[in-house]
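Just so you know, the protein sequences line up as chains Z and R, in that order. Throughout the first sequence, residue numbering follows my numbering, covering 179 to 323 in sequence. Throughout the second sequence, residue numbering follows my numbering, covering 179 to 323 in sequence. Don't be surprised by glycine CBs; every beta carbon is placed ideally from N, CA and C. Data block below; observations after.
Protein chains: 2
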Amino acid sequence: MGREVAEALGELLKRSLRSNLYQGLTDGLGEAVDEVTYPVLSGLARYGPCSAAELAAEVGLDRSGVSRRASRLEAGGLVRRGPDPADGRSVLLTLTEEGDRTVAVMRQRLAGRIEASLSSWPPAEARAFARGLRRFIRDGPFGEG
Amino acid sequence: MGREVAEALGELLKRSLRSNLYQGLTDGLGEAVDEVTYPVLSGLARYGPCSAAELAAEVGLDRSGVSRRASRLEAGGLVRRGPDPADGRSVLLTLTEEGDRTVAVMRQRLAGRIEASLSSWPPAEARAFARGLRRFIRDGPFGEG
DNA sequence: TGCCAGTCCGTGCGCCGCGCACGCTAGTCT
DNA sequence: AGACTAGCGTGCGCGGCGCACGGACTGGCA
């Protein structure tokens, strides 16, 4: 049982990293957003305005990496760097309106792609899979993360 | 539906890449095998003796990367480079006995870890999850590769 | 109030792994 | 035999990462 899941997970990882998953998802969305910067964009949308350090914990990266990716997104007009009113040392990353639109489009596309591949499943099985996946993440073989 | 699966997949990717998954799995197995070289080792075990180019397709990498990783494994005594009896240009990568043992141990550990986290599930649900995962890989939103 | 240890940021630095392209060896076909 | 193809390993440049440094700012304490 754990055997097959392990193998399947490996396969999943491989295919995802090969970027078959994100391929073509950014068409027409500008140069700034790609498979490297997307996690930061998406994390920002999920987590809300925050500092790079905070977001780093969220996306599982060093502060420096987040800062650099954010710079790209900033150059592309998807993210704004603003002062933190509560603390002058801190810098708040915020999605611009265009950033908001962009992440919405990408999520829509990705969800649509997944939806499409799930549409051939028996509905009950698809639902069970989604639930199982969430559960596996929650108390699966990962750290606390 | 696709929405939640998409989000869950992202989370899964993140946690896996953070290496919480493979952490501590290589203890006592020598320096050669780590999270970088393991896919090559495992792919070789799965696919059988073959050339670097062939294995490259299997693990989703360039030939050069596979060749370099194989060199490390070779230095560690886990992989042997031998001539292909059928074609003198080709070079066959083969697991040594120790390589075999190593991959067996790692699989055992990984499977055990997954098994453990699945043990708290209702058995039917766990089984359904395993089946769903395989199915999702087979005709999920990835390319053919 | 003036000061200093502590906190937070962005960036220079070195490292590592990748893919591309080259040189080389070994088969293949006329 | 000689040209051409196929396959290998490695040098090269690129890009992203984490570490650690310098600069900006805060907050507590004299």
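At a CB-CB cut-off below 7 Å, which residues of chain Z make contact with residue i?
i: residue 319/R; result: 199, 291, 292 and 295
i: residue 310/R; result: 303, 306, 307 and 310
Just reading off the beta strand (DSSP E) that residue i is part of, what are its end residues?
i: residue 261/R; result: 257-262
i: residue 280/Z; result: Here residue 280/Z belongs to no beta strand (DSSP E); instead the alpha helix (DSSP H) covers 275-296.
Short check: CB of residue i to CB of residue j, under 8 Å?
i: residue 211/Z; j: residue 280/Z; result: yes
i: residue 183/Z; j: residue 292/R; result: yes
i: residue 300/R; j: residue 199/Z; result: no
i: residue 180/R; j: residue 220/Z; result: no
i: residue 256/R; j: residue 236/R; result: no
i: residue 203/Z; j: residue 186/R; result: no
i: residue 245/Z; j: residue 264/Z; result: no
i: residue 218/R; j: residue 248/R; result: yes
i: residue 251/Z; j: residue 260/Z; result: no
i: residue 295/R; j: residue 240/Z; result: no
i: residue 306/Z; j: residue 306/R; result: yes
i: residue 287/R; j: residue 274/R; result: no
Among the options, whose alpha-carbon lies nearest the alpha-carbon of residue i?
i: residue 282/Z; options: 196/Z, 269/Z, 222/Z and 198/Z; result: 222/Z
i: residue 216/R; options: 267/R, 201/R and 229/R; result: 201/R
i: residue 226/R; options: 272/R, 254/R, 207/R and 239/R; result: 272/R
i: residue 193/R; options: 305/Z, 307/Z, 250/Z and 238/Z; result: 238/Z
i: residue 267/R; options: 298/R, 228/R, 274/R and 302/R; result: 228/R
i: residue 284/Z; options: 208/Z, 298/Z, 242/Z and 232/Z; result: 208/Z
i: residue 278/R; options: 224/R, 304/R, 242/R and 302/R; result: 224/R
i: residue 298/R; options: 302/Z, 232/Z, 313/Z and 205/Z; result: 313/Z
i: residue 196/R; options: 234/Z, 304/Z, 290/Z and 302/Z; result: 234/Z
Between which two residues does the alpha helix (DSSP H) carrying residue i extend?
i: residue 300/R; result: Premise fails: residue 300/R is in no alpha helix (DSSP H) and is neither H nor E.
Output, in chain order, the set of chain R residues within a Cβ distance shorter than 9 Å of residue i.
i: residue 285/Z; result: 181, 184 and 185
Run down chain R in chain order and give the residues with a C-beta less than 7 Å from the C-beta of residue i.
i: residue 281/Z; result: Here the premise fails: no neighbours, minimum Cβ distance about 12 Å.
i: residue 189/Z; result: 315
i: residue 288/Z; result: 184
Under 8 Å between beta-carbons, which chain R residues line up against residue i? List them in chain order, please.
i: residue 298/Z; result: 317
i: residue 238/Z; result: 192, 193, 195 and 196
i: residue 329/Z; result: Because residue 329/Z is not part of the residues shown, which for chain Z are 179 to 323, the question remains open.
Would the C-beta of residue i count as close to the ligand PLP, meaning under 7 Å from any of its heavy atoms?
i: residue 290/R; result: Questions concerning the ligand PLP fall outside what the structure shown contains, since it holds no ligand whatsoever.
Length-filtered (4 minimum) alpha helix (DSSP H) runs lying within the stretch 192-247 of chain R
216-225 and 230-237
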